[in-house]
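Residue numbers (our numbering): 69 to 397.
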């Protein structure tokens, strides 16, 4: 069995992969798109991977993103692709699934995304930038700040990210209402509601976290009506997808003063254009789609791939498999 992976993934986790699939040949794609096997360079038309592991380093600057996914799309031998991303909105994933390639995703970023959410909320409530300014000025500037304890959170999307956010918010003493189309009953929240009940929950929510995928149903779910229902002092946090938010409507709402702040990690256009008004709006915090960048994600992704690879070898079910029906929702 041939397994396609990046040279970075091979260097970090090659022994783990071979431990899960003894005897496999690892096809290492280099930064320049060349493929190297056990016996030297392999021509692209001779590379016939059965399995591909698309790690997060493929989305770093200078990575062989196009050659990797190009080979995956052309390969008639490919049977399964493990992605280190949680989302499936990239067209290549749908194309592969419809071609009969099995696709599994990864939710290993959920921990770092949830920690990011708590950080930006705490920074906003405590006025972290003002502390930094006071330190730079050597000014002893004590003041009160708002606490997370006792706040009411509305987490839209109770997948792995929303669940991790909820666990942490509740640990700080917040009350969490989760939104999920099809609840399974074990969500770590105080109350579960469906998408149709979001409008009635918004006025009481002090923190609204978007952790839903981008679909036809969720595109611009945060529109004039949604924003108009948010209460004074409320905060909008988006770690889902930029397409969830009508950014023009958000800017108008922020100018009116509600919500009080928007803490945004994802945007309709990325990188966010330098002249975009979100950069300079006083009620907006911009981070560059970096909430998933916790260092622990690499080892968690490798452990997941190794577990799935062992299951693949034994002919057992794979974790986090995505079907064509899932993509069409």
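All residues carry an ideal CB built from backbone N, CA and C; glycine is no exception.
Simplified DSSP state of residue i, which is helix, strand or coil
i           : result
residue 323 : helix
residue 354 : strand
residue 250 : coil
residue 216 : coil
residue 88  : helix
residue 389 : strand
residue 76  : helix
residue 105 : strand
residue 146 : coil
residue 156 : coil
residue 340 : coil
residue 334 : coil
residue 141 : helix
residue 394 : helix
residue 369 : helix
residue 382 : helix
residue 163 : helix
residue 82  : helix
residue 375 : helix
residue 117 : coil
Neighbourhood of residue i by C-beta, 7 Å cutoff - its chain only, sequence neighbours within 5 removed
i           : result
residue 323 : none
residue 392 : 165 and 166
residue 354 : 332, 340, 346 and 347
residue 317 : 291, 292 and 295
Cβ shell of residue i (< 8 Å), same chain only, five flanking positions each side left out
i           : result
residue 156 : 162, 171, 173, 281, 390, 394 and 395
residue 106 : 93 and 94
Nonlocal neighbours in the same chain, by C-beta distance under 6 Å from residue i, ignoring five residues either side
i           : result
residue 181 : 229, 307, 359 and 360
residue 236 : 182 and 186
residue 184 : 359
residue 309 : 282 and 334
residue 135 : 101
residue 72  : 95, 117 and 120
residue 220 : 243, 272, 273 and 274
residue 209 : 202
residue 216 : 240 and 242
residue 97  : 74, 103, 132 and 136
Beta bridge counterpart(s) of residue i as assigned by DSSP
i           : result
residue 151 : 122
residue 224 : 247 and 278
residue 110 : 103
residue 313 : 290
residue 399 : One cannot answer for residue 399 here, as it falls past the ends of the chain, which runs 69 to 397.
residue 329 : 303
residue 95  : 72
residue 170 : 148
Residue i beta carbon near the ligand FMN (any heavy atom closer than 6 Å)
i           : result
residue 240 : Among the components modelled here there is no ligand, and therefore nothing to report on the ligand FMN.
Nearest to residue i (by Cα), restricted to the options the options
i           : options               : result
residue 70  : 76, 85, 80 and 81     : 85
residue 145 : 266, 122 and 113      : 113
residue 273 : 239, 312 and 328      : 328
residue 352 : 376, 367, 315 and 338 : 315
residue 177 : 216, 213 and 231      : 231
residue 53  : 330, 169 and 368      : Outside the displayed span of the chain (69 to 397) sits residue 53, for which this structure offers no information.
residue 248 : 256, 241, 198 and 227 : 227
residue 285 : 311, 268, 265 and 275 : 311
residue 325 : 301, 103, 313 and 147 : 301
residue 140 : 128, 179 and 116      : 116
residue 214 : 138, 207 and 242      : 242
residue 400 : 265, 196 and 179      : Only positions 69 to 397 of the chain appear in the structure, and residue 400 is not among them; the question remains open.
Within-7 Å CB hit, residue i to chain B
i           : result
residue 121 : In summary, chain B is missing from the structure at hand, where a single protein chain is found.
Requested in this report: Can you check the stretch 226 to 306 for any beta strand (DSSP E) of at least 3 residues that lies completely inside it and give the ranges in chain order?
Outcome: 243 to 247, 259 to 261, 275 to 278 and 303 to 306
**Report entry** 3-residue-minimum beta strand (DSSP E) runs that sit fully inside the stretch 177 to 208, ordered along the chain
**Finding:** none
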